[in-house]
Structures are given as structure tokens and as C-alpha cells.
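First residue of the sequence shown? That's 235 in my numbering, and the numbers climb one at a time after it.
Backbone N, C-alpha and C fix where the C-beta goes; we use that ideal spot for every residue, glycine too.
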Amino acid sequence: MARDDVKLLEAPRVAVTDNSEATMKGLMLYRYPQDFNVMIGTGAEPQNFEEQEVGTIISVTPGWRSEDLLDLSIWVKLYGKPEWKNYGADAKWKKAKAYDLKMEQPFFRERVDINNRFIVKPGTTVLLGGGADAPDGRDKAVLVFMTPRSAGKVQP
């Protein structure tokens, strides 16, 4: 059954040597304050910033087990967009005008974490998948297809 709401995000190809890790990242960096300096009459000034990466990380480590079998270690991690919460409040000092102290902080959740190991023949497709909540509340699936192939033996 065909669906029109499915999108192919990326189709990368990676070459890696025996027992070496290849890592692919599709990330966005969020920068947010850890502290706020509240100033009477003017508001809250953010300070001491930290950073968090959000997106997908895929790591693959292939190793030859025998002439015709690969030992394939795959790790998929998906971090969803943060939920923001305002820890500030309406403030008023003496006869000054009331205003909202914005002190927003993100809440990061690890959505999917798959770590697996397979023994496969070169050319066999491996499928890993998981779900994540989308900002619109709909579930989204993250599927990773891998088809390891041998480039042949390298002569010294």
C-alpha cells in the first residue's frame, strides 16, 4: 500500500574498512541558558549557556567473521526536539508596570536508542526501526536500511 505522507530524508552511502566505525549524523544544535539574572524593572537576562544536539546518529562497525559472513554492529540514536517550559512568572516591583519574566528551559528526551549486532552475508539488507513523537502529535517512524557489500580484498 503506497502512502503519500512518507518522506525519504537521506540515502547516504558510506565506505568503511574492516573493524572501523562509520558514524553519520543529522543534527541540529540547540543553545539554551542555565541561569537567569533577574533585574528589577527590566526582566531576566539569560546566562551560562549550554548546547544539546538533536537529531539522528547512526554508527556502523562491520567486521569479517569468515570469507562470506560479516559481523555488523549497528547503533541508532534519535533525539527529538525539546519541549520548552517557562519557569518565569508575572512580576511587579512596587509601582512599576507588571511584566512577564521569560525563563524558558528545554526538556530533552531520548526517543529511540537501538544497539544491535548481526551476522549477515554481504548484500543482505538489515532493517532497524523505531517510533518518535512528532511536534504535531502524530507518531513518526525512523527506519534504517543497511545493505553491507564487500569491496573485495585490498592487496598490500
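Per the DSSP calculation, residue i is bridged to which residue(s)?
i    : result
T257 : S293
M273 : G277
R351 : S307
L312 : T290, V346
In three-state terms, what does DSSP make of residue i?
i    : result
Y264 : strand
V250 : coil
R343 : coil
P382 : coil
K319 : strand
E301 : coil
K387 : The predicted position of K387 is uncertain, since its pLDDT is 49 and thus under 50; no value can be drawn from it.
Using a Cβ-Cβ cutoff of less than 6 Å, which residues in the same chain neighbour residue i once the five nearest sequence positions on both sides are dropped?
i    : result
W309 : S293, N349
E317 : F341
P296 : L304, L306, P382
I291 : K259, K311
V248 : A256
V250 : A256
P390 : Because the pLDDT at P390 is just 37, under 50, the model does not fix this residue reliably, and the point stays unresolved.
Q286 : Y264, F342
Given that a residue counts as buried once 16 or more other Cβ atoms are within 10 Å of its Cβ, and exposed if not, what is residue i?
i    : result
L306 : buried
F270 : buried
Beta-carbon within less than 7 Å of residue i's beta-carbon, same chain only, minus the 5 sequence neighbours each way: which residues are those?
i    : result
N320 : K336, M337, E338
M273 : E279
E284 : Y266, Q268
Going by the C-beta, is residue i closer than 8 Å to any heavy atom of the ligand GDP?
i    : result
P340 : The model on display carries no ligand, and the ligand GDP is accordingly not part of it.
Give every residue of the same chain whose Cβ lies closer than 8 Å to the Cβ of residue i, excluding the five residues on either side of it in the sequence, and list them in chain order.
i    : result
D252 : P296, G297, W298
Q281 : P267, Q268, D269, F270, N271
G289 : K259, G260, L261, M262, L312, Y313
V354 : L303, L304, L306, V360, P382
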